[in-house]
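In what follows, a structure is listed as C-alpha cells, so that the remarks can point back to it.
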Amino acid sequence: MYKYSVVIPHYNSADLLRRMLASIPERDDIQIIVADDGSNIENVNILKTLTHKNLEILFLEHVNAGNTRNKGLERSTGEYFITLDADDKLAPEAFDVFDKYTGSEEIDCLYFLMKVFNSDGTESNIKILGNESVKAYLKNANPDTEILIRFRNMNPVNKLVRMSFIRENNIKFESNGVNDDTLYTYHIGLKVKHFKVIPEVLYYVIGNSTSITRLKRDINREFEFYLSRQKQNGFYRKLGLKQFIRPDILYVPYMLLKHGPLGAIKFFRLLWQRRDERTKARRAYLCLFE
0 MYKYSVVIPH
10 YNSADLLRRM
20 LASIPERDDI
30 QIIVADDGSN
40 IENVNILKTL
50 THKNLEILFL
60 EHVNAGNTRN
70 KGLERSTGEY
80 FITLDADDKL
90 APEAFDVFDK
100 YTGSEEIDCL
110 YFLMKVFNSD
120 GTESNIKILG
130 NESVKAYLKN
140 ANPDTEILIR
150 FRNMNPVNKL
160 VRMSFIRENN
170 IKFESNGVND
180 DTLYTYHIGL
190 KVKHFKVIPE
200 VLYYVIGNST
210 SITRLKRDIN
220 REFEFYLSRQ
230 KQNGFYRKLG
240 LKQFIRPDIL
250 YVPYMLLKHG
260 PLGAIKFFRL
270 LWQRRDERTK
280 ARRAYLCLFE
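Residue numbers (numbering that gives the first Met the number 0): 0 to 289.
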C-alpha cells in the first residue's frame, strides 16, 4: 500500500509535466497517476516516454480537468491524497515535511503555503486567495481566519488529504470545465474536523501564459464562470457568510472593462435569457449540507 497518491491532470503540456514529475521523489510509497485529458498525438507520444517510480498514465477522452482528477482519485490507493497541476512543481522538501506531520498526529487535511513564480523563474508578486487564507490563519488563528481556511482556500494543490476522509465523505471534483476544484475544497472545508495549517512553503506555482485558466474568455465562457460564482454565492448564503457573496452589480464594471459596452450588453442579455440556470446554480452546492 502506498502512503501517498499523487494525481496530476494533464492536457497538452507534456514538457512542463516533466518538471513537475522531476520535483516528486522516487520513493516506493508514492503513487503517481497522470490523467491525460485527451491530449494531441504529439503530447501523447511524449507521455509514453516518461518514466518515474510508480508512475501510471491514464489516457482519457477529452472532457475537463475535474473529470481527469476524479478518474485519478478513483484509482488512488494511498493513505493520503494530493492533486497537483502539471505546469507547476513541488518544493524539494515537500514529502519530507509531509512525513513529519502525518507521522506525529492524526490529520485529515494538512494545509500549507505556496509561492508564485514568473515563467522566467523570478518570484512574482501575484497573490493567491488560498495562500492569503493560510497566511492569515498562521498569523492569528481564530474563528474568522478558520472560516478563510475552510471556505476561501479554494486551491486544491495546497492541501494533503487523508484518503479515508475522502472516501467516507464521498468527496469528488466537479466536472463541468469551470472551477472544477471548488466543490472539492468546499466539501473538505465543510466536513473536516482534524486539520493542521503549517508555515512551510511546499508548492511552487509557475506562470504559464498558455494555461487554460488564463486564456481569454468569450461571452459564453464568461457566463459559465458567472454560473460557477452563483454556486459559490448559494453556498456562502447557506453558511451565513454574506461578506463573500458577489452581487451581480459588480459584473457591470468588469464586463465593460473586459469586453466593452457591446460585450456587456450581450452578457446581461444572456444572463436574462438563461436566468433559470442562475437559480439552479445557486442551489447546486446545497447537497453538501445533507
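Quick reminder that beta carbons are idealized off the backbone N, C-alpha and C, glycines included.
Model, not experiment: these values are computed from the prediction.
Cβ neighbours of Arg245 in the same chain (closer than 7 Å, five flanking residues each side left out):
Arg228, Asn232
Let me know the secondary structure DSSP gives Ser118 once reduced to three states.
coil
Residue ranges of each alpha helix (DSSP H) run of no fewer than 4 residues wholly in the region 1-60, ordered along the chain?
13-21, 40-46
Counting pairs of Cβ atoms below 8 Å between the region 215-230 and the region 147-158, do you hit three or more?
no
Buried or exposed (CB count within 10 angstroms, at least 16 for buried), His61
Counting Cβ neighbours within 10 Å, His61 comes out exposed, since fewer than 16 surround it.
Measuring only the C-alpha atoms, how far is Ser123 from Ser12?
Rounded to whole angstroms, the separation of the alpha carbons of Ser12 and Ser123 is 22 Å.
At what residue ranges does the region 129-217 contain a whole run of the alpha helix (DSSP H), taking only runs of 4 or more?
Within the region 129-217, the complete alpha helix (DSSP H) runs of at least 4 residues are 142-150, 162-167, 181-190.
Would you report the Cα separation of Asn66 and Lys138, rounded to the nearest angstrom?
Using only the alpha carbons, I get a separation of about 36 Å.
For Phe234, I'd like the list of residues in its chain whose CB is within less than 7 Å of its CB, leaving aside the five on either flank, ordered along the chain.
Tyr185, Tyr284
Please report the residue range of the alpha helix (DSSP H) in which Tyr250 lies.
250-272
What three-state label does DSSP hand Lys126 in the structure shown?
coil
Close beta carbons around Gly262, own chain, < 7 Å, minus the five adjacent residues each side:
Ile218, Met254
Just grab the DSSP bridge partners of Lys88 for me.
Tyr203
By alpha-carbon positions, which one of Thr181, Glu221, Glu145 ends up nearest to Lys195?
Looking at the Cα atoms, Glu145 is the closest of the given residues.
Buried or exposed: which applies to Lys70, given that a residue is buried once 16 or more other Cβ atoms fall within 10 Å of its Cβ?
Lys70 should be labelled buried.
From Thr209 to Gly77, what does the alpha carbon distance come to, in whole angstroms?
Low confidence applies here, because Thr209 scores a pLDDT of 46, under 50, leaving its location unreliable; read the following figure in that light. Rounded to whole angstroms, Thr209 to Gly77 spans 32 Å at the Cα level.
Three-state secondary structure (DSSP) at Leu109?
strand
With DSSP collapsed to three states, give me the class of Thr82.
DSSP places Thr82 in the strand class (E or B) of the three-state scheme.
Taking only three categories from DSSP, how would you classify Asn63?
coil
Could you say if the region 18-37 and the region 48-64 meet the contact criterion of at least three C-beta pairs nearer than 8 Å?
yes
Rounded to a whole number of angstroms, what is the C-alpha to C-alpha distance between Phe116 and Asn130?
14 Å
Three-state secondary structure assigned by DSSP to Thr278:
Three-state DSSP puts Thr278 in a helix.
Given that a residue counts as buried once 16 or more other Cβ atoms are within 10 Å of its Cβ, and exposed if not, what is Glu288?
Residue identity differs from the one stated: residue 288 is Phe in this sequence, not Glu. Result: exposed.
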